[in-house]
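Student: Under the numbering used here, the residue at position 87 of the sequence shown is numbered 136, and the numbers go up by one with no gaps.
Cβ atoms here follow ideal geometry from the backbone N, Cα and C, with glycine treated the same way.
Given the structure is predicted, the values throughout are model-derived calculations rather than measurements.
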Amino acid sequence: SKFLRVLILACGVGLVLPGDAAAEFTAAEFLEKYDSAPGKMKAVYLQYLNGNANGLSWANTYVGSNYPQARFYCPPNKLVPSAKLHVALLRRFVAKTAKFRTAPVGAAMMFALKDRWPC
Numbered sequence: 050s051k052f053l054r055v056l057i058l059a060c061g062v063g064l065v066l067p068g069d070a071a072a073e074f075t076a077a078e079f080l081e082k083y084d085s086a087p088g089k090m091k092a093v094y095l096q097y098l099n100g101n102a103n104g105l106s107w108a109n110t111y112v113g114s115n116y117p118q119a120r121f122y123c124p125p126n127k128l129v130p131s132a133k134l135h136v137a138l139l140r141r142f143v144a145k146t147a148k149f150r151t152a153p154v155g156a157a158m159m160f161a162l163k164d165r166w167p168c
């Protein structure tokens, strides 16, 4: 079946990847790596964080369409955030809320968005 093929493929990919590749950066590690990255690598870090924020946005949209009161955050309707805005939001939030320095960057990004645009 299609499900079984996808499951086998996912397991195979998991076995091929080295263990460290699956580890998520902490918010502080991400910001340190981003700040010290040379030109083209900086774009890779921007894409990484933007991917996290994009996933959170889709999850927020799905939750909001089914359970409006359970949205994670409530951005302005016409907002089209840039990757650099996400870095700025993360940086500001981590500076303000030190315990999130050691949180996974995806979790810190979610709370940074929630802090910036509460519902």
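Using only the alpha-carbon positions, how far apart do Val-93 and Cys-168 sit?
Tutor: Their backbone Cα atoms lie some 31 angstroms apart in a straight line.
Student: Along the chain, where does the alpha helix (DSSP H) that runs through Leu-105 open and close?
Tutor: Taken as a continuous stretch (DSSP letters only), the alpha helix (DSSP H) holding Leu-105 covers 88–115.
Student: Thinking Ala-76 and Ala-157 are a contact (beta carbons under 8 angstroms), I'd like their distance in whole angstroms, please.
Tutor: Confirmed, about 4 angstroms.
Student: Is Met-159 buried or exposed, if buried means 16 or more other CB atoms sit within 10 Å of its CB?
Tutor: Buried, by the Cβ-count rule.
Student: What residues match up with Thr-151 in a beta bridge as DSSP calls it?
Tutor: In DSSP, Thr-151 forms no bridge with anything.
Student: List the residues that DSSP assigns as beta-bridge partners of Thr-75.
Tutor: Thr-75 pairs with Pro-153.
Student: Quick check on the DSSP output: the alpha helix (DSSP H) that includes Lys-127 runs from which residue to which?
Tutor: That residue, Lys-127, is in no alpha helix (DSSP H); it is neither H nor E in DSSP.
Student: What did DSSP end up calling Arg-120 once you bin it into helix, strand or coil?
Tutor: It is coil, neither helix nor strand.
Student: Determine the direct distance from the alpha carbon of Lys-89 to that of Trp-166, and round the result to whole angstroms.
Tutor: In a straight line, the C-alpha of Trp-166 is about 30 angstroms away from that of Lys-89.
Student: What separation, rounded to the nearest whole angstrom, lies between the Cα atoms of Thr-169 and Val-112?
Tutor: Residue numbering for the chain in the displayed model covers 50 to 168; residue 169 lies beyond these limits and cannot be assessed.
Student: If I measure Cβ to Cβ from Arg-174 and keep anything under 8 angstroms in the same chain, skipping five residues before and after, which residues do I get?
Tutor: In the structure displayed, the chain extends from 50 to 168; residue 174 sits before or after that span and is not available.
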